[in-house]
Amino acid sequence: VCRNKKDGKQRAAQEILQRLHPHITSWGSLLRLYGSRSVKSFKEKKQLEQEITLLQGKAAVNQPNHAILGKLRQEMTKLSEQHQAIQPIGKFVPPDLPTGSAANLNNVDL
């Protein structure tokens, strides 16, 4: 029995995580899976933004900025490679369901 709403939410979240990942036995493993290190760090994101900002200064008036276009091409190529690396699990094929007695409603005995 939970003491309050917050405690109940915490316990429910722990139970869901436990059912999602029964092979994980410690909180450290769970943190490595979902923790901040599994996502790009804030510094790396800031550095990428800074590179783009510096490229903006190289633009000529009324002409395309080839430096930014090159950076965009590079990022799009990287994103495309990430999408191609992801393999689908498979296609869902539902099992054949038996037809019930109510399947043919055109013939109703009165």
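For the sequence shown, UniProt numbering begins at 1 and goes up steadily by one. The beta carbon of each residue, even a glycine, is placed where N, CA and C say it ideally should be.
Do residue i and residue j have their C-beta atoms within less than 8 Å of each other?
i, j, result
"N65", "L55", "yes"
"I52", "I68", "yes"
"I24", "L30", "yes"
At a Cβ threshold of 8 Å, is residue i touching chain D?
i, result
"F92", "Here there is only one protein chain, and chain D is not present."
Could you pull out every residue in the same chain whose Cβ sits closer than 6 Å to the Cβ of residue i, ignoring the five residues on either side in sequence?
i, result
"F92", "none"
"Q84", "none"
"E49", "none"
Might you give, ordered along the chain, the residues of its own chain that have their beta carbon closer than 8 Å to the beta carbon of residue i, omitting 5 neighbours on each side?
i, result
"R11", "C2"
To which residues of the same chain is residue i closer than 7 Å at the C-beta, ignoring the five residues directly before and after it?
i, result
"residue 112", "No statement about residue 112 is possible, as the shown extent of the chain runs from 1 to 110 and does not include it."
Requested in this report: Counting only runs of 3+ residues fully inside the segment 51-103, write out the beta strand (DSSP E) ranges in chain order.
Outcome: none
Query raised in the report: Can you list the alpha helix (DSSP H) stretches of 4 or more residues lying completely in the segment 2-54, in chain order?
Result: The qualifying runs are 5-20, 27-34.
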